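Position one of the sequence shown corresponds to residue 25 (the working numbering), numbered consecutively onward.
Where is the CB? At the ideal position from N, CA and C, for every residue including glycine.
Computed from a prediction, not measured in an experiment: that's the story for all the values here.
Structure record follows, encoded as structure tokens.
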Amino acid sequence: MEKKEYEEICDAIASISPFIRFVGVIGESGDLLAYKRRPDLIPLLNEKNTQYQFSHIAIKTDLEGFFDKNLGEIEFVWEERKKVQTISFAIKKERVWISIDKKVIRSEVLRIIDSCLPIVKKHS
């Protein structure tokens, strides 16, 4: 895919909900291919820790591939932390990583997931 397609994915997902903080497409080596951040938002991670997070996602994506044959490919991963919720979706070897405000009710997170799935599947 080209950078323009990654940017289109970020724009489409960011427009789903005002509770989405950040949307990024992360390459298989942990590089940030495109992103969209909610305006006037203070990031929870500094630049160095952000890069560590993206590298972690890339490594985890690679390792999860070992189980695809037996368990099927990952469609999404939802993670809840004390300060934020994250969802990641697989698009081939890349990951779409989304952070969402912590205080969002679960039905809204499920709505975000359901709205993201067709976008991700279109590019898979």
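Query                                                                                                                                                  : Result
Could you give the distance in angstroms between the alpha-carbon of residue 72 and the alpha-carbon of residue 79?                                    : 11 Å
Shortest alpha-carbon distance to residue 141 belongs to which of 126, 120, 62 and 59?                                                                 : 120
Quick check: residue 110 and residue 118, are their CB atoms within less than 7 Å of each other?                                                       : no
State the Cα-Cα distance for the pair residue 146 and residue 58, rounded to the nearest angstrom.                                                     : 17 Å
Quick check for students: name the residue ranges of the alpha helix (DSSP H) that lie wholly in the stretch 47-103, counting only runs of 4 or more.  : 71-88 and 92-95
Which same chain residues end up closer than 8 Å to residue 137 when comparing Cβ atoms and leaving out the 5 residues on each side of it in sequence? : 100, 102 and 111
Would you list the one or two residues that DSSP bridges to residue 120?                                                                               : 49 and 113
Within this structure, are the beta carbons of residue 123 and residue 45 separated by less than 7 Å?                                                  : yes
Using a threshold of 7 Å, state whether the C-beta atoms of residue 107 and residue 84 are closer than that.                                           : no
Cα separation between residue 67 and residue 32?                                                                                                       : 22 Å
By Cβ distance below 6 Å, which residues in the same chain neighbour residue 128 in space, the five residues on each side in sequence not counted?     : 43
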